[in-house]
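The working numbering applies: residue 32 is where the sequence shown begins, and numbers increase by one.
Here's the structure, in structure tokens; my notes come after.
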Amino acid sequence: MRFRSSTLFFAVAIAASAAALTLTFAAPSPLGGDVPAAEAVPAPEFQNIDTWLNSQPLKLSELRGKVVLVDFWTYTCINCLNHLPYVKDWNEKYKDKGLVVVGVHTPEFAYEKSTKNVKDAIQRLQIRHAVAQDNSYGTWKAFRNQYWPAVYLIDKQGKIVYSHFGEGSYGTTEKKIQALLAEPAPVGS
Numbered sequence: 032m033r034f035r036s037s038t039l040f041f042a043v044a045i046a047a048s049a050a051a052l053t054l055t056f057a058a059p060s061p062l063g064g065d066v067p068a069a070e071a072v073p074a075p076e077f078q079n080i081d082t083w084l085n086s087q088p089l090k091l092s093e094l095r096g097k098v099v100l101v102d103f104w105t106y107t108c109i110n111c112l113n114h115l116p117y118v119k120d121w122n123e124k125y126k127d128k129g130l131v132v133v134g135v136h137t138p139e140f141a142y143e144k145s146t147k148n149v150k151d152a153i154q155r156l157q158i159r160h161a162v163a164q165d166n167s168y169g170t171w172k173a174f175r176n177q178y179w180p181a182v183y184l185i186d187k188q189g190k191i192v193y194s195h196f197g198e199g200s201y202g203t204t205e206k207k208i209q210a211l212l213a214e215p216a217p218v219g220s
């Protein structure tokens, strides 16, 4: 009986270890970074947006030839607030050079779904770039996003070529913006 219990325990331990390793290696990297060209996929369209603020409704398909920075955020997230000055700065520095910044406001809490609250936050935080209010998580799900804040850079052909999750890597992100802006526009745009 003792041998059977030890064997069963050992088998369960091996199975649990294998499952943990599988989950570790199958999960997306929380660090983001450059997407190899062969793996770059077209960015999904903005979906189920409740309200557009600071902009008319935008479609990624109509932004071909531009570099698009999609920033998932919410106004009560401290990490988002720490990250926001960089996003605002990139918008100001590069908007006339072909960068379009879209803040996708995806609420974590019920009170963050209020358009009035989001408008008040945009005014208080002096946000001038487009903000898409994603209360139903349509765009969040389309991007398969899991983080606040999260930045996705979309190249002039409309493919996601870079991402970063959380705070930090501001210099790396800005260098990627600069490199994407320097690339030639796609033929026919």
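The beta carbon of each residue, even a glycine, is placed where N, CA and C say it ideally should be.
Through-space distance from residue j to residue i, alpha-carbon basis
i    : j    : result
D186 : T203 : 16 Å
T137 : K90  : 18 Å
A71  : V192 : 6 Å
L223 : E139 : The chain is shown only over 32 to 220; residue 223 falls outside these bounds and no answer can be derived.
D127 : T146 : 28 Å
A68  : E214 : 14 Å
N176 : A152 : 22 Å
E76  : S92  : 7 Å
W171 : D165 : 7 Å
V66  : R155 : 35 Å
I208 : F174 : 19 Å
L94  : A161 : 13 Å
G129 : L115 : 20 Å
K144 : Y201 : 28 Å
Of the listed residues the options, nearest to residue i (C-alpha basis)
i    : options                  : result
N85  : G134, L94, E214 and E143 : G134
P180 : G64, C111 and P73        : C111
V218 : T146, Q157 and Q188      : Q188
K206 : V98, E76 and F77         : V98
V101 : Q154, T107 and V132      : V132
Burial state of residue i, where buried means 16 or more other Cβ atoms lie within 10 Å
i    : result
K80  : In the sequence on display, residue 80 carries Ile and not Lys. I80 is buried by the Cβ-count criterion.
N113 : exposed
W121 : buried
Y142 : exposed
L52  : Any reading at L52 must be qualified, since the residue scores a pLDDT of 39, below 50, and its modelled position is unreliable; the value itself is stated next. Flag for L52 reads exposed.
A74  : buried
I109 : exposed
Residue i and residue j closer than 8 Å at C-beta
i    : j    : result
W83  : A163 : yes
G169 : Q78  : yes
G197 : Y178 : yes
S194 : V182 : yes
Y106 : V149 : yes
A216 : G96  : yes
K119 : I158 : yes
Test: residue i CB closer than 8 Å to a CB of chain E
i    : result
W104 : Of the chains in the structure shown, none is chain E; there is only one protein chain.
Practice task
Return the chain-ordered ranges of every alpha helix (DSSP H) run that is complete within the segment 102–145 and spans a minimum of 4 residues.
Solution key: 109–125
Practice task
Kindly provide the ranges of any beta strand (DSSP E) runs that are 3 or more residues long and lie completely inside the segment 61–102, ordered along the chain.
Solution key: 82–84
Exercise for the section: Please list the segments of the alpha helix (DSSP H) lying wholly inside the segment 133–210, counting only runs of 4 or more residues, in order along the chain. Expected result: 146–155 and 169–173
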